[in-house]
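Notes follow once the structure below has been shown.
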Amino acid sequence: MSFSFGFYNSVNHDRKYDSKQISSMFEGLITDGVYRNVGDCFALSVNDGLKLNVGAGRAWFDLTWSYNDTPYILTLQESHAVFDRIDAIVIRVNKSARTNEFAVVTGT
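Numbering (our numbering), first residue to last: 380 to 487.
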């Protein structure tokens with residue numbers, strides 16, 4: 380992207396801004412991560428069996444925002460009968476699908 384500027388009111392639809400231009404205005408002000416003062420920072424709690432609740436919170440990743448205000452339920456896969464496993468709960472940003480989602484990255 381070359382030199383860019385904005386925002387000005389549109390006159391006869393001569394101004395069009397996309398999400399990257401709008402989000403980029405926060406670069407340098409907001410860093411990627413979970414906001415520590417919104418909700419309970421996506422805290423995890425056990426729901427039932429292999430289900431987890433992701434708590435309320437807000438995050439900013441890769442010039443996109445994510446917000447959750449009610450318990451979001453994730454289901455874990457059953458673990459191996461003998462070996463321990465560590466799973467990660469992440470926010471996955473999918474630019475091509477234009478979505479953000481909570482996801483379980485299953486360990487080995």
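From the three backbone atoms N, C-alpha and C, an ideal C-beta is built for every residue, glycine too.
The model shown is predicted, which means the values in this text are computed figures rather than measured ones.
Fill in: Pair within 9 Å by beta-carbon distance, Leu429 and Glu457
yes
Discussion item. Please list the terminal residues of the continuous alpha helix (DSSP H) segment that includes Ser398.
Written reply: 398-403
Practice prompt. Quick one: using the 10 Å Cβ neighbour count with 16 as the cut-off for buried, is Ala438 buried or exposed?
Written response: buried
Discussion item. For the beta strand (DSSP E) containing Ile468, name the first residue and the last one.
Written reply: 467-473
Item to complete: Flag this pair as yes or no: are the beta carbons of Ile470 and Phe462 separated by less than 9 Å?
Response: no
Practice prompt. Return helix, strand or coil for Tyr446, following the three-state DSSP convention.
Written response: strand
Discussion item. I'd like the list of long-range same chain contacts for Ile409, defined as Cβ closer than 8 Å, with 5 residues on each side in sequence excluded.
Written reply: Trp439
Practice prompt. Return the first residue and the last residue of the beta strand (DSSP E) that Asp427 is part of.
Written response: 423-427
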